[in-house]
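Numbering (our numbering), first residue to last: 1347 to 1508.
Where a beta carbon is used, it is the ideal one built from N, C-alpha and C, also for glycine.
All figures in this text were calculated on a predicted structure; none of them were measured in a lab.
Here the structure is laid out as structure tokens; the discussion comes afterwards.
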């Protein structure tokens, strides 16, 4: 039985599945590693400075990830930049809906009390971008290693200055 569960977890991870249960399991595993200090989250070098700029400009910043809210808080609370949780106004995960479903973005807008056309969503996944645009959310596709062949744009921190 245990081996069947382990095999299923490996299978889901090999397909980059975004199931809520898998992300919660990963979150529990990460908690042990992060709190023990044996793991720290790393971000692309332009990410934290860009978020700080947006915050200084009075913008609110939220995270919407296929990773659980618990996992998000572990990542941003135990990073190579230190604890940067104070940079975020809130966190969303697949409990609000999947990132490829436009209704998820409407639910987020409702939750934070603004219209969808007042939201800018950053992603490196075109299916997520399409779903957000369908909900009337502004979208910027982030070019990162692995997707640069699809896009010929500058990175988001230089393109999206406040």
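CA-to-CA, the gap between residue 1457 and residue 1464 works out to about 13 Å.
Short of 8 Å from the beta carbon of residue 1426, and not among the five residues preceding or following it, lie these beta carbons of its own chain, in chain order: 1386, 1387, 1388, 1389.
Between residue 1364 and the set 1489, 1451, 1474, the nearest pair of CA atoms involves 1474.
Proximity to residue 1417 across 1462, 1376, 1468, 1367 peaks at 1376, based on C-alpha coordinates.
When DSSP states are grouped into helix, strand and coil, residue 1438 belongs to the strand group.
Here the C-alpha atom of residue 1355 lies approximately 7 Å from the C-alpha atom of residue 1368. Rounded to the nearest whole angstrom, the CA to CA distance from residue 1391 to residue 1397 is 11 Å.
The beta carbon of residue 1454 sits closer than 7 Å to the beta carbons of 1410, 1438, 1442 from its chain, once the five residues preceding and following it are set aside; these are given in chain order.
Taking 8 Å as the cut-off, the beta carbon of residue 1466 is found no closer than this to the beta carbon of residue 1488.
In the DSSP assignment, residue 1390 falls outside any beta strand (DSSP E), carrying neither H nor E.
Residue 1465: not part of any beta strand (DSSP E); DSSP gives it neither H nor E. A check of alpha carbon separations from residue 1371 across 1408, 1415, 1383 identifies 1415 as the nearest.
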